[in-house]
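Chains as they are written, first to last, in our numbering: chain A, 2 to 312; chain B, -19 to 424.
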């Protein structure tokens, strides 16, 4: 009887609930530390900036502190010509830098992707400026543009130009001079990313194209470039945001001068917050910069159909 | 599969872009919860205190010597030295006031005293000074400067040292050109022209066009105009017609008798350029003496700013350096002992001899090294002498740093480059100063 009962006993239900609960929670537990860190170090400061953008906040003048509403934004858009000047300069800087870095980076990547004697050394030389710290890069270019020790001094010794001049002190030459200094640092970034992607292009495609009679230019246009599209879009986008936020090199080279000619919006924000202690207004400017970058990034990704299949 | 790849690429770019953009938005945050309101305590007078040097690197060695002497005399107190570079000390204090981590004692010059005091971070020291062995032993003029800079008539730092505008000139070049030392403005301009030969890379003067240009321009301007007060009632005198004329003459030196690269000159570039050896004169304070000595030993001299032809010297006030006691300190009695020690005869003399500056301690100012160091001796005479009129700059205005730096340095460069007239520049400056003064008066 007891045996019959044992036989009739339905099988124990599978312990699915207990077995599946832990794996379901596990991913959340694993990402929790990172999520908390992100909340603490990114979300909180971001929200803090948004909050202060609606405040008058200057710790050295506490009598003026308080809710400002949209006053800081109105000030920026309607009454602050420096905001528009620095925003315009930032746009010019980003277009010039990213365009030229892409062009030279692509050219260098194509060159060092070829087989030739000393290719490893060539690659190392191409990539080396990226390994140099920003501070050192700035120091090198400060010396190169110095009126007593730099290029203009040697040109003056050779009878070209005058003594005591520097390309950084002339409003007509300061922009190209600063662009060249930053190009030296930025080109390797594009070259590295593009070279990495170039190496994944199948050789079969080029062989087939050659059989079909396609020249090198056609191969580049119809095989290489479409393959590189996503890498170029990503690199361009990241670099554009970095260049927009560029403060260190311009600050060291020119201090934003002469006469404010090379002051970018982030440099203006830094001056407004660090020097003038006007954290409310600087937060509003930062919020505007954030929205502009976000909008431009979304439009760029849409237009470039990033991640889409190439025909 | 392709769709999955596409999604993961999109996710990757979203994460990368999101992070980069988020970092943009974190660029200007402020915690808002200050530690400046902490009351601190007197403590036991023993233990460790933290000291921030406001010119770290340059003055580290001499401070370490002074700290070692102090610890020998006070074996129960340890001083933790933190050297903060001069260029970043203001933002370091501001960050600590808002976020915590202020030191017990810190170097605070009058140029930044008002901003720090306005945030409630510094302890008024009047009653401590009255009971201290330092009472009556500190230079009264320096004490007045400190009180004036604090903004509310209280003493927020113990003065340790004063700097002074100095005209450094090349004795060898002056001798070769048979020129008199540039003791008057007339001789100064004559020498600037005589020593310039641009085709041979020789210039009479180097002008400060970059960071820090405004104070130097004001010094030259008031020095020539002879106007002795910064205020005429509630209005500033910076745009007085005589000051406009003086500034026009001063900026007229640019490119004519100075390198054109000077428009970006901050103190480092300007001093390095002068020390490279092709320029006749440089206006800077006593602080660059050591650099000149290394590069041009025996070939230069430093004198106070030139006088008018009648011998009257007018100069703007230079920042007085000092030591502040922070309210939030948990061991204020030990911290005060350190301040008293550092401002005492021996330590103050040692520090100022190393820096080549004018001691705030009256006994230290009488020491033999002051008499032997000509630039310091002349500066001390100029600062204390009756024939020198000092135009007190409004360091007490919380807006002064902004007005004299971020707001107007680019405009001064425009004046040098001919894109703005001296009058337009000074009218703009005057308007900002008058508004800042009115705002300050309304709340004090």
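We treat Cβ as the ideally placed atom computed from N, Cα and C, and that holds for glycine.
Three-state class that DSSP yields for residue i in the structure shown
i: residue 400 (chain B); result: coil
i: residue 293 (chain B); result: strand
i: residue 139 (chain B); result: strand
i: residue 56 (chain A); result: strand
i: residue 220 (chain B); result: coil
i: residue 304 (chain A); result: helix
i: residue 45 (chain A); result: helix
i: residue 225 (chain A); result: helix
i: residue 104 (chain B); result: coil
i: residue 229 (chain B); result: helix
i: residue 303 (chain B); result: strand
i: residue 214 (chain B); result: coil
i: residue 184 (chain B); result: strand
i: residue 23 (chain A); result: helix
i: residue 239 (chain B); result: coil
Any C-beta of chain B under 9 angstroms from that of residue i
i: residue 276 (chain A); result: yes
i: residue 64 (chain A); result: yes
i: residue 169 (chain A); result: yes
i: residue 147 (chain A); result: yes
i: residue 135 (chain A); result: no
i: residue 130 (chain A); result: no
i: residue 163 (chain A); result: yes
i: residue 34 (chain A); result: no
i: residue 60 (chain A); result: yes
i: residue 73 (chain A); result: no
i: residue 157 (chain A); result: yes
i: residue 154 (chain A); result: yes
i: residue 182 (chain A); result: no
i: residue 279 (chain A); result: yes
i: residue 264 (chain A); result: yes
i: residue 354 (chain A); result: A query on residue 354 (chain A) cannot be resolved here, the shown segment of chain A reaching from 2 to 312 and no further.
i: residue 227 (chain A); result: no
Closer than 9 angstroms to chain A by CB, residue i
i: residue 93 (chain B); result: no
i: residue 240 (chain B); result: yes
i: residue 382 (chain B); result: yes
i: residue 249 (chain B); result: yes
i: residue 77 (chain B); result: yes
i: residue 14 (chain B); result: Here residue 14 (chain B) scores only 37 on pLDDT, less than 50, and its place in the model should not be relied on; the value that follows carries that caveat. Chain A, which has a Cβ nearer than 9 angstroms to the Cβ of residue 14 (chain B), makes this yes.
i: residue 183 (chain B); result: yes
i: residue 391 (chain B); result: yes
i: residue 178 (chain B); result: yes
i: residue 171 (chain B); result: no
i: residue 275 (chain B); result: no
i: residue 130 (chain B); result: no
i: residue 9 (chain B); result: The pLDDT assigned to residue 9 (chain B) is 45, lower than 50, so where the model puts this residue is not dependable; a value taken from the coordinates is nonetheless given after this. For residue 9 (chain B), the answer is yes, since a Cβ of chain A falls inside 9 angstroms of its Cβ.
i: residue 258 (chain B); result: yes
i: residue 296 (chain B); result: no
i: residue 396 (chain B); result: yes
Expected contact under 8 angstroms - CB spacing of residue i and residue j to nearest Å
i: residue 151 (chain B); j: residue 281 (chain B); result: 5 angstroms
i: residue 75 (chain B); j: residue 126 (chain B); result: 24 angstroms between Cβ atoms; not a contact.
i: residue 427 (chain B); j: residue 332 (chain B); result: A question about residue 427 (chain B) goes unanswered here, because the residues of chain B that appear run from -19 up to 424.
i: residue 218 (chain B); j: residue 406 (chain B); result: 5 angstroms
i: residue 189 (chain B); j: residue 245 (chain B); result: 5 angstroms
i: residue 323 (chain B); j: residue 114 (chain B); result: 6 angstroms
i: residue 156 (chain A); j: residue 150 (chain A); result: Not a contact, Cβ separation roughly 13 angstroms.
i: residue 371 (chain B); j: residue 202 (chain B); result: 5 angstroms
Please specify which runs of the beta strand (DSSP E), each continuous and at least 3 residues long, are wholly inside the segment 60 to 95 of chain B, giving them in chain order.
-> 85 to 87
Would you mind listing the alpha helix (DSSP H) stretches within the segment 135 to 181 of chain A that are 4+ residues and don't spill past its ends, in chain order?
-> Taken in chain order, the unbroken stretches of alpha helix (DSSP H) that lie wholly in the segment 135 to 181 of chain A and span 4 residues or more are 135 to 145 and 152 to 158.
Three or more beta-carbon pairs under 8 angstroms between the segment 194 to 202 of chain A and the segment 133 to 141 of chain A, yes or no?
-> Result no; under three Cβ-Cβ pairs closer than 8 angstroms.
Taking only runs of the alpha helix (DSSP H) that begin and end inside the segment 244 to 290 of chain B, which ones reach a length of at least 4 residues, in chain order?
-> 247 to 255 and 269 to 276
If we count Cβ pairs, one from each stretch, closer than 8 angstroms, do we get three or more for the segment 161 to 180 of chain B versus the segment 359 to 371 of chain B?
-> no
Scan the segment 72 to 121 of chain A and note each continuous alpha helix (DSSP H) run of 4 residues or more that stays entirely inside, going in chain order.
-> 72 to 75 and 82 to 113
With a floor of 4 residues, list each alpha helix (DSSP H) that falls wholly inside the segment 174 to 223 of chain A, ordered by position along the chain.
-> 175 to 199, 204 to 212 and 217 to 220
Check whether the segment 104 to 119 of chain B touches the segment 313 to 331 of chain B, counting contact only when three or more Cβ pairs, one atom from each stretch, lie closer than 8 angstroms.
-> yes
Below 8 angstroms, can you find three or more Cβ-Cβ pairs linking the segment 160 to 174 of chain A to the segment 93 to 103 of chain A?
-> no
Runs of beta strand (DSSP E) lying entirely within the segment 368 to 413 of chain B, each at least 3 residues, in chain order = 368 to 371
Is the segment 131 to 145 of chain B touching the segment 92 to 103 of chain B in the sense that three or more CB pairs, one from each, lie closer than 8 angstroms?
-> yes
Any chance you could list the alpha helix (DSSP H) runs of at least 4 consecutive residues sitting entirely within the segment 131 to 177 of chain B, in chain order?
-> 151 to 156 and 165 to 174
Count the CB pairs spanning the segment 24 to 44 of chain B and the segment 60 to 74 of chain B that are closer than 8 angstroms, and state whether there are at least three.
-> Output reads yes: the segment 60 to 74 of chain B touches the segment 24 to 44 of chain B.
For the segment 266 to 274 of chain A against the segment 23 to 35 of chain A, are there 3 or more C-beta pairs whose distance is under 8 angstroms?
-> no
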